[in-house]
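Mapping the sequence shown onto our numbering, position 89 (from 1) lands on 286, and the numbers just tick up by one. Ideal Cβ positions, reconstructed from N, Cα and C, are used throughout, including at glycine. Working notes, structure below.
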Amino acid sequence: MTVQIRPAACHDLDLICRLRLQRSSWLAARGSDQWSTAASGLSIDYFACAVRRAVSDWETWIAEVNGEPAGTITINDRADRELWTMAELADSLIVHYLIVDLRYAGHSVGQHLLAHAAALARAHGRHWVRLDAWTTNYELHAYYQRAGFRLARIADPDNRSPSCALFERHVDRWLVDDGGVGGFPMTPLARYPIVLPALG
Ligand SMILES: CC(C)(COP(=O)(O)OP(=O)(O)OC[C@H]1O[C@@H](n2cnc3c(N)ncnc32)[C@H](O)[C@@H]1OP(=O)(O)O)[C@@H](O)C(=O)NCCC(=O)NCCS
């Protein structure tokens, strides 16, 4: 099985929204409130707007397995308000909206996408890949720990976001194929990290 990663284009927006809806249903069927709007998860409309912006800024990527879209990730240097410190943001790339199509679960597509984030971080001279995970989804926390991340902390309990479990992994602890990002557009990073509204 070959996993290839390419930048997302505008025509991928429907696919990315479908993946979000597919996995939201999967989560609900497992009894998780992750991504549910009742638990302050993003509405699909807000999600679509955020991804549209990210796609146009070359921040969103598609993993293909044998030429078929199998997953997505958005990688930039922005995070919800009051999660990471400015110093942490300045030395990291942040992962958002990591989703793998259920049809490709169990084939390490997510690991490839996370490794791509590490390769991009390295190419930008940043040392950390960081992300926030749904605070109460301990199975998801276990997934990131198996993927080599450590729980940095649970962000301020007064934070309104339901996604406050902060995970990080140093890029040096990754076997990164730096050649993989060579032909891709490198989005200039914000001079000062921009913070998004605090929502899951
Ligand atoms: C997280 C994800 C991208 C990982 O993809 P992957 O590396 O290809 O790994 P898999 O899909 O095979 O999942 C690995 C394990 O983690 C579990 N897992 C992954 N996301 C989970 C979640 N949100 N809640 C509970 N368990 C989860 C899977 O059930 C699987 O468990 P198993 O090995 O017992 O079957 C993918 O599972 C996914 O799309 N999950 C739902 C969306 C999500 O939570 N994204 C992360 C947001 S921070």
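- Query: Taking the alpha-carbon positions, what's the Glu256 to Val248 distance?
  - Reply: In this structure, the alpha-carbon of Glu256 lies about 9 Å from that of Val248.
- Query: Between Ala344 and Ala330, what straight-line distance do the alpha-carbon atoms span, to the nearest angstrom?
  - Reply: In a straight line, the C-alpha of Ala344 is about 13 Å away from that of Ala330.
- Taking 7 Å as the cut-off, is the CB of Gln201 close to at least one heavy atom of ligand 1? For ligand 1, not one heavy atom lies less than 7 Å from the Cβ of Gln201.
- Query: Taking Cβ positions, are Glu365 and Ala349 nearer each other than 8 Å?
  - Reply: Closer than 8 Å, so yes.
- Message: Measuring only the C-alpha atoms, how far is Arg227 from Val200?
- Response: Computed Cα separation, rounded: 27 Å.
- At what residues does the alpha helix (DSSP H) containing Glu336 begin and finish? It spans 335-343 - the alpha helix (DSSP H) in which Glu336 sits, taken as one unbroken run.
- Task: Examine ligand 1 and report whether any of its heavy atoms sits within less than 7 Å of the Cβ of Asn263.
- Result: No, ligand 1 has no heavy atom inside 7 Å of this Cβ.
- Rounded separation between Leu216 and His321 - CA only: Each residue's CA atom was taken as its position, placing Leu216 and His321 some 28 Å apart.
- Message: Measuring only from the beta carbon, is Val248 closer than 7 Å to any heavy atom that is part of ligand 1?
- Response: No, ligand 1 has no heavy atom inside 7 Å of this Cβ.
- Task: Would you kindly report the start and end of the unbroken alpha helix (DSSP H) that includes Val248?
- Result: 241-253 is the extent of the alpha helix (DSSP H) around Val248.
- Task: Label Cys361 either buried or exposed according to how many other C-beta atoms from any shown protein chain fall within 10 Å of its C-beta, with 16 as the threshold for buried.
- Result: By the neighbour-count criterion, in which a residue is buried when 16 or more other Cβ atoms sit within 10 angstroms of its Cβ, Cys361 is buried.
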